[in-house]
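Working notes, structure below.
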Amino acid sequence: MSIPWTGRIGRFAKILEKEVDEETLQSVMKDSDVYASFKPEQRADWWKTAVSRLQTSMGTQSAIEVMQACGRKCCNQGTRKTAKRLMSESKSLEDFLEKSSSYGVKEGEIEYRAVDEKTIVGHFYRCFCGQVKQFKSP
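Residues in the sequence shown are numbered from 86 upward in steps of one, following our numbering.
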């Protein structure tokens, strides 16, 4: 199997490669070589299955850490553009944090807080990955 090393799935594979042995990598990334041909629902289903295999191989806590590492690298251009706009519309850092924690999401899904003048930490209470959110539960 040829694992893709580009795009979101490639980023996931690179993070995973640093954390697991080759056998586990191949197991978790099963069918990733045909991922590009999948429709959105199939991609979401692939992610659900891959995360399940990851949890089985590494345990839940280690799987969470891998997925969090992947999520931290997922700040795209649209997210940055929205953050810049919200900051320009805000009267203070606190106002910006409040707006950022509620813009386009349900209450309680994201929480931003300032650690110091130069550091903002976000806590996400659900997965916002465009690949994963297409999954339709039975």
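Heads up, the beta-carbon is just placed ideally off N, CA and C, and yes, glycines get one too.
As the structure is a computational prediction, the values presented were derived from the model and not from experiment.
Self-check item: Among Y210, S122, R138, the one whose alpha carbon lies nearest that of E108
Solution: R138
Quiz item: Along the chain, where does the alpha helix (DSSP H) that runs through D224 open and close?
Solution: The chain is shown from 86 up to 223; residue 224 falls before or after that span and cannot be answered.
Quiz item: When the distance is taken between beta carbons, is Y210 closer than 8 angstroms to E194?
Solution: yes
Quiz item: So what's G193 in DSSP terms, helix, strand or just coil?
Solution: coil
Quiz item: Considering V105, what are the terminal residues of the beta strand (DSSP E) in which it resides?
Solution: Premise fails: V105 is in no beta strand (DSSP E) and is neither H nor E.
Quiz prompt | Distance between Q140 and A168 (C-alpha atoms, nearest Å) | solution = 33 angstroms
Quiz prompt | Where the beta strand (DSSP E) containing F181 begins and where it ends | solution = Unbroken run through F181 is the alpha helix (DSSP H), 178-187; no beta strand (DSSP E).
Practice problem: Counting only the same chain and skipping the five closest in sequence on each side, list residues whose C-beta sits under 8 angstroms from that of E102. | Solution: L110
Exercise. Please report how far the alpha carbon of Q146 lies from the alpha carbon of I100, in whole angstroms.
Key: 15 angstroms
Quiz item: Can you tell me the Cα-Cα spacing of S122 and L178, whole angstroms?
Solution: 44 angstroms
Quiz item: Can you tell me where the alpha helix (DSSP H) with T167 in it begins and where it stops?
Solution: 162-174
Self-check item: K203 versus A148: straight-line alpha-carbon distance, rounded
Solution: 30 angstroms
Quiz item: Hey, quick one: how far does the beta strand (DSSP E) through I205 stretch, first residue to last?
Solution: 204-209
Self-check item: C214 versus S175: straight-line alpha-carbon distance, rounded
Solution: 27 angstroms
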